[in-house]
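Just so we're aligned: the sequence shown equals residues 1 to 423 in my numbering.
Presented below is the structure to which this report refers.
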Amino acid sequence: MAYYIKKFWKAFASLTLFLVVTQTLTVYASVINANILNALIGRNLRSFLEQVIILLCIWGLVAVIEYGLDIYEQHLIQNLDIAIRADIAQTLTHESYVHYNRRDISVYESWLNNDLQLINQQGFESLFSVIEGSAGAVLALTTLAYFHWLLAVVAVFLTGIIIITPHLLDHQLTVVSKRLTHENEQFVAATHDALHAFNLLYAFQSLPLLIAKVHRASVKLKQANVDRTVVQTRIMMMGFLGNILSQVILMGLSGWLALQRLVSIGTISAVGSLASNVFNSLGNISNLLGLIRGTKPIFQKYKAECRLIAPYKRNVDFTVSARQIQKQQPVLTTDQLTFQFGNQQVFKNVSQTFYAGEKTLITGESGAGKSTFLKLLAGYLQPTAGAVKLGSISLAALSLGNLRGSILYLDQQPDLINGTVRE
């Protein structure tokens with residue numbers, strides 16, 4: 001997440017500025033509340049009315065800023081989503097044919113949709129709340145120190161306890177977050193498989209199987225969501241209890257200071273409001289930080305995917321130019337070609353020459369390796385031993401662009417793309 005924060009730092013800086021302004025006005029409103037109470041105690045009508053008008057203006061300005069902030073935050077979140085999806089798509093386009101197809105398409109769909117929903121809710125929205133809460137807490141603590149230093153010291157001590165306690169459940173939250181993102185992938189894969197089999201199930205009057213598969217996948221996804229909610233609720237309750245106890249302690253302290261004539265009676269009202277601001281903010285922050293940490297496994301998964309394709313991109317040095325390819329004879333040859341899946345050998349030491357313009361029929365039983373052989377000829381798969389050559393150049397020495405520009409392989413599964421020919 002830090003990478004995208006740095007990438008959009010200007011937008012985050014602007015957002016932070018307005019959040020700080022909002023929290024400054026909110027804290028100032030608490031001071032105005034104290035002034036209003038002091039004016040009432042002193043029976044000063046003019047001061048009372050002035051403070052009430054100021055309070056109305058403050059909250060009106062806060063409402064206007066909050067309206068703009070909500071819209072701006074959504075714009076920023078969507079821009080972040082676009083950037084993340086673009087990076088995922090960029091990563092996938094650099095993968096080899098084998099590496100990409102080791103997963104079902106639905107897994108990648110889950111990355112681009114379900115995972116981003118989690119990142120938005122647990123990550124970015126929580127981060128905005130953390131920024132807002134932190135600004136409010138710092139300003140409120142500063143104001144408490146203005147009233148009396150002891151209020152600020154006790155508040156800082158209590159906030160430390162509130163922040164540290166939820167960290168005890170960090171490991172549990174990471175585990176359930178990993179499981180949820182995995183179950184999201186499995187759910188999309190299961191429903192994708194069931195819905196694509198509709199015509200087959202319809203023909204054999206087996207449509208209830210579709211319902212059963214969707215139900216089973218839903219039950220597993222439900223349990224993963226419930227498990228995550230249980231951990232999140234525990235974190236929330238720890239923050240809530242710490243919040244309430246801290247507010248009561250600080251209110252009691254302000255009352256004692258008032259009895260000792262160290263602060264005014266109106267300060268009790270301000271301290272109550274400021275204590276609520278501090279401890280609500282910090283109580284929520286501890287919960288929100290836990291949610292933000294819960295998105296870490298998702299970003300780790302994306303990074304792991306990048307690391308898997310990085311060696312492939314680094315180690316291949318394509319030195320053959322398009323002009324060199326054009327000079328080659330239009331002949332495709334296999335030299336002692338051998339290929340196996342795991343421990344199962346598909347074919348061994350196949351040597352064959354294919355000339356341009358001639359038609360070649362490859363026959364064999366289903367599963368004998370006909371499609372595999374064609375994919376080897378097209379460079380989709382890498383042989384276990386031997387080589388495939390275009391003229392005198394091995395396909396392994398060609399870049400993906402030059403390879404696709406020289407050899408075309410049409411998959412047996414037809415694919416339709418929504419769009420136009422111009423696109």
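For every residue, glycine included, the Cβ atom is placed at its ideal position computed from N, Cα and C.
- Secondary structure note for aspartate 81: its alpha helix (DSSP H) is the uninterrupted segment 45 to 93.
- It is roughly 16 Å from the alpha-carbon of glycine 294 to the alpha-carbon of isoleucine 163.
- In its chain, beyond the 5 residues on either side, Val231, Gly290, Gly294 have a beta carbon closer than 6 Å to the beta carbon of leucine 173.
- Taking C-alpha positions only, serine 126 is separated from isoleucine 292 by approximately 7 Å.
- For arginine 85 against leucine 118, the beta-carbon gap comes to about 14 Å, at or over 8 Å, which does not count as contact.
- DSSP lists Phe347 as the bridge partner or partners of phenylalanine 339.
- Distances from the CA of aspartate 170 to each of Asn199, Leu288, Ile265 were compared; the closest alpha carbon is that of Leu288.
- In the DSSP assignment, no residue is bridged to lysine 7.
- Secondary structure of glutamine 382 (DSSP, three-state): coil.
- Excluding residues up to 5 positions away in sequence, Leu144 lie with their Cβ nearer than 6 Å to the Cβ of leucine 151 in the same chain.
- Methionine 237 and threonine 229 have their C-alpha atoms some 12 Å from each other.
- Taking a cut-off of 8 Å on C-beta distances, the region 270 to 277 touches the region 23 to 42, as three or more cross pairs fall below it.
- Valine 331 carries a strand assignment under DSSP once its states are collapsed to helix, strand and coil.
- Taking the Cβ atoms as the reference, serine 246 lies roughly 15 Å from glycine 136, outside the contact range of under 8 Å.
- 8 Å or more divides the Cβ of phenylalanine 354 from the Cβ of leucine 381.
- Under the criterion of beta carbons closer than 8 Å, isoleucine 41 and glycine 266 qualify as touching, at roughly 7 Å.
- Segment contact: the region 369 to 389 against the region 333 to 351, three or more CB-CB distances shorter than 8 Å; contact assigned.
- Each of Lys220, Arg103, His148 was checked against the Cα of leucine 180, and the nearest Cα belongs to Lys220.
- Here the region 10 to 17 makes contact with the region 69 to 87; the two share three or more CB pairs at distances below 8 Å.
- Taking a cut-off of 8 Å for Cβ pairs, the region 96 to 105 and the region 366 to 382 touch, as three or more such pairs fall below it.
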